[in-house]
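Engineer: Residue numbers for the sequence shown follow full-length UniProt numbering, beginning at 1 and rising by one.
We put the beta carbon where it would ideally sit given N, CA and C, even for glycine.
Got a structure for you, written out below as structure tokens; questions coming shortly.
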Amino acid sequence: MFVLSILLLVAAVVLFLVGRGRDGSGWKIGAALSALGGLLFGVFSCVHVVSAYEVGVPVTFGKVGSPMKSGIQFKSPFTDVTSFSTRPVDLNLYDKDVVEVRSSEGGVLDADVTIKWAVMPSKAVELYRLAGSAEAVQARLVLPDSREIIRNVFAKHTSEEGYASAREQIGSEIAASIKERLAPRGIDVTAVNLRNVKPSKELQEQIDKKIQQEQATERSLEAARTAKAEAERKRIEAQGIADANRIIERSLSDKVLYNQCLEAYKEAAKANPVYAVPCGTDSNGTPVIVDNGKN
């Protein structure tokens, strides 16, 4: 715009000089209009409007100036202004951009992560020196640093912790590390969401095989415990029978047996036409049974 202003002023001077040596007011009007256009373009080249939610970084002949806030700002015609958006930006690391990480055991995992970040207006000059443009901030700073930190954090944990038991803790560690790394550079990380972690195909096969082995081992242990319990039950049962037999053997005296014999024949005589001579009447102690029904 400043170059156009100079050209219009030069054209105004030429038209004025040409018109002065000739009759007619057309040349003078053209010179006046060119001069007016040159002045307007010159004024516009000294004004820069910084949009809302943006910060401008002025650079004059290679020298970086102070950040420009939102609104109308005056500058030198030779100053270029690079704008940085201060709105939050989402960096989504999934699908083709998924982060491939390794656990402390060497297992490969795929981590889906979303990082929400924004430019700190007060640090815009430092970001310009580091990246050069708003588009380069994410490509040169946020993305590579985030990937490095995510891999480093997962490398401290086992595969099982990565996709199951310690996922929340790992997400907190990643968020804290990324914020600590990027804040001094002028990048405010507002949120880090570890959305999903899944084992690679090879690791999933190893996990399935390990689960099957553990299940087989558990079944074997359960069978061993059942057999041991059954053996113990039988041993206790046999011991009980042996103890009972010893008690009976000690308690069965002749008088007890004689009394039981009498009771048995009393019960038998009630239901059958027999009677019994008391036990122990012969030499062998065997009772004599008489069938009354045969006379």
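Quick one: grab the DSSP three-state call for residue 153.
Structural biologist: In this structure, residue 153 counts as helix in the three-state DSSP scheme.
Engineer: Are any of the Cβ atoms in chain B nearer than 9 Å to that of residue 104?
Structural biologist: Given the protein chain composition of this structure (a single chain), no chain B is represented.
Engineer: Would you mind stating whether residue 198 and residue 90 have Cβ atoms separated by less than 9 Å?
Structural biologist: No.
Engineer: In whole angstroms, what separates the C-alpha of residue 237 from that of residue 248?
Structural biologist: Roughly 16 Å separates the two Cα atoms.
Engineer: Which residue comes first and which comes last in the beta strand (DSSP E) that contains residue 96?
Structural biologist: Segment: none, residue 96 is in no beta strand (DSSP E) and carries neither H nor E.
Engineer: Check whether the region 111-127 touches the region 173-187, counting contact only when three or more Cβ pairs, one atom from each stretch, lie closer than 8 Å.
Structural biologist: Verdict: yes, contact present.
Engineer: Measuring alpha carbon to alpha carbon, tell me which of 241, 135 and 153 ends up nearest residue 167.
Structural biologist: For residue 167, the nearest C-alpha among the options comes from 153.
Engineer: Would you identify the three-state DSSP class for residue 171, choosing helix, strand or coil?
Structural biologist: Here residue 171 sits in helix by DSSP.
Engineer: So does the region 81-101 actually touch the region 55-65, counting three or more Cβ pairs closer than 8 Å?
Structural biologist: Counting Cβ pairs under 8 Å, three or more are found: they touch.
Engineer: With a CB to CB cut of under 6 Å and the five nearest residues on each side skipped, what residues in its chain are close to residue 64?
Structural biologist: Here the set comprises 125.
Engineer: Could you give the DSSP three-state label for residue 297: helix, strand or coil?
Structural biologist: Only positions 1 to 295 of the chain appear in this structure, which leaves residue 297 out of reach.
Engineer: Does the Cβ of residue 142 have 16 or more other Cβ atoms within 10 Å, making it buried, or fewer, making it exposed?
Structural biologist: With 16 or more Cβ atoms within 10 Å of its Cβ, residue 142 is classed as buried.
Engineer: Can you round the beta-carbon distance between residue 130 and residue 119 to whole angstroms, since I take them to be within the 8 Å contact cut?
Structural biologist: Going by Cβ atoms, the distance from residue 130 to residue 119 rounds to 11 Å, so no, they are not a contact pair.
Engineer: Is residue 50 near residue 76, with beta carbons less than 9 Å apart?
Structural biologist: Going by C-beta atoms, residue 50 is not nearer than 9 Å to residue 76.
Engineer: Is residue 151 near residue 108, with beta carbons less than 9 Å apart?
Structural biologist: Taking 9 Å as the Cβ cut-off, residue 151 and residue 108 do not qualify as a contacting pair.
Engineer: Which same chain residues, not among the five before or five after residue 213, have their C-beta less than 7 Å away from its C-beta?
Structural biologist: Nothing listed; no residue qualifies.
Engineer: Considering just the uninterrupted stretch of the beta strand (DSSP E) at residue 161, what are its terminal residues?
Structural biologist: Segment: none, residue 161 is in no beta strand (DSSP E) and carries neither H nor E.
Engineer: Between residue 200 and residue 162, how many whole angstroms is the CB-CB distance? I'm expecting something under 8 Å.
Structural biologist: 11 Å between Cβ atoms; not a contact.
Engineer: What are the boundary residues of the beta strand (DSSP E) that residue 129 is part of?
Structural biologist: Not the beta strand (DSSP E): residue 129 falls in the alpha helix (DSSP H), residues 124-130.
Engineer: Can you grab the Cα-Cα spacing for the pair residue 179 / residue 192, in whole Å?
Structural biologist: Taking the straight line from one Cα to the other gives about 9 Å.
Engineer: Rounded to the nearest angstrom, what separates residue 47 and residue 59 at their Cα positions?
Structural biologist: Rounded to the nearest angstrom, the two C-alpha atoms are 14 Å apart.
Engineer: What residue from 266, 231, 97 and 262 has the CA that sits closest to residue 147's CA?
Structural biologist: For residue 147, the nearest C-alpha among the options comes from 97.
Engineer: Shortest alpha-carbon distance to residue 133 belongs to which of 81, 99 and 227?
Structural biologist: Measuring from the Cα of residue 133, the nearest candidate turns out to be 81.
Engineer: At what residues does the alpha helix (DSSP H) containing residue 111 begin and finish?
Structural biologist: It is not in any alpha helix (DSSP H) - residue 111 instead sits in the beta strand (DSSP E) that spans 108-119.
Engineer: Cβ of residue 145 within 9 Å of Cβ of residue 195?
Structural biologist: No, these two residues do not count as a Cβ contact at 9 Å.
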